[in-house]
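Position one of the sequence shown corresponds to residue -6 (the working numbering), numbered consecutively onward. Cβ coordinates follow ideal geometry from the N, Cα and C atoms, glycine included.
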Amino acid sequence: MAPTLTRQRRAPAGDAAKGTQSGPLPVADPGPRRSRRPALVAVGVALAAVGGLTAAYLVQQAGHRVQVIAVAHPIPAGKVISASDLKSASVIPDPALHPVPVSRSSDILGKAAAADLPAGTLVTDTSVRAGQPLRAGKDTVGVLAKVGQLPAQSLQAGDEVHVVSTPGPQDDKAAPATRPSTIDAVVLQVGEPDANGARVVDLAVNPVDSPVVASWAATGRIALVLKARG
């Protein structure tokens, strides 16, 4: 009886060398992707809308200007304001500012400046004061006051002062002391100091007293005493 032969399949050489079956490498499953939260998307849309509205408002405000009253040139305190003292200015409305609009010019004209107003100042209701100007019915006398003849505290328009006649160097020092002569006045304007610190002070004085004050000022025998304010 002839022997039975059995055939065996040989594995490929590459597979035999590796000892493993070939095939695709496994890939890890990343899982389902996380979707953005609807609330965050809504917030982003809202912020974008607010930003757009803000930008539109700023552009609109930049183009919206109003005409207000400004000072054309320096105005000293106490001066009655006329049309030549004022000019119009175009400004963007600001809640922190309260300039008087040009349409209300009549409320400013004819009133006195409440303080020194530099050129370019925007006029407000507090820039002027109602009532008669300081010099109404008064004479104006300019007095050159040197250092020591007026207070170190700065005088302002509207301040009430005593104009005092001071003794001269040739007066008899042995004579009995007498009360110095004084005249009441109101400060209209204070000039800038010169190289020696002297200032010219304009005073509103009763017409009957103005010649006396002028003569005192001419001799330099004068002093200004500030009355208590308030």
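What is the rounded straight-line gap between the Cα of residue i and the Cα of residue j?
i, j, result
"Gly151", "Ile74", "16 Å"
"Asp177", "Val156", "6 Å"
"Ser83", "Leu40", "34 Å"
"Glu185", "Ala106", "18 Å"
"Gly213", "Ser147", "20 Å"
"Ser203", "Thr117", "35 Å"
"Ser81", "Arg97", "12 Å"
"Asn199", "Ser158", "16 Å"
"Arg122", "Val61", "18 Å"
"Ala207", "Thr133", "10 Å"
"Val43", "Ser120", "40 Å"
"Val205", "Ala76", "35 Å"
"Val194", "Arg58", "41 Å"
"Val180", "Val201", "17 Å"
"Ser99", "Ala89", "24 Å"
"Val95", "Ile215", "45 Å"
"Gln149", "Gly37", "59 Å"
"Ala108", "Ala221", "19 Å"
"His91", "Glu153", "30 Å"
Based on DSSP bridge pairs, tell me the residues matched to residue i.
i, result
"Val116", "The partner list for Val116 (beta bridge, DSSP) is empty, contrary to what the question assumes."
"Arg192", "Ala138"
"Gln182", "Asp195"
"Val93", "Answer by DSSP bridge pairing: none, since Val93 is not bridged."
"His155", "Asp177 and Val218"
"Val206", "Val206 pairs with nothing; no bridge assigned."
"Ser226", "Given a span of -6 to 223 for the chain in the structure shown, any question on residue 226 remains unanswerable."
"Asp132", "Val198"
Could you round the C-beta distance between residue i and residue j to whole angstroms and report it? I think they count as a contact, below 8 Å.
i, j, result
"Val93", "Ile101", "6 Å"
"Leu219", "Pro144", "5 Å"
"Leu79", "Val64", "7 Å"
"Val183", "Arg192", "6 Å"
"Lys104", "Ala197", "The Cβ separation is near 17 Å, so there is no contact."
"Ala210", "Val140", "Rounded, the Cβ-Cβ distance is 16 Å, inconsistent with contact."
"Ala138", "Leu217", "6 Å"
**Message:** Could you check whether the stretch 59 to 79 touches the stretch 108 to 122, counting it as contact only if at least three pairs of C-beta atoms, one from each stretch, sit closer than 8 Å?
**Reply:** Remark: three or more beta-carbon pairs, one from each stretch, lie closer than 8 Å, so the stretch 59 to 79 and the stretch 108 to 122 are flagged as touching.
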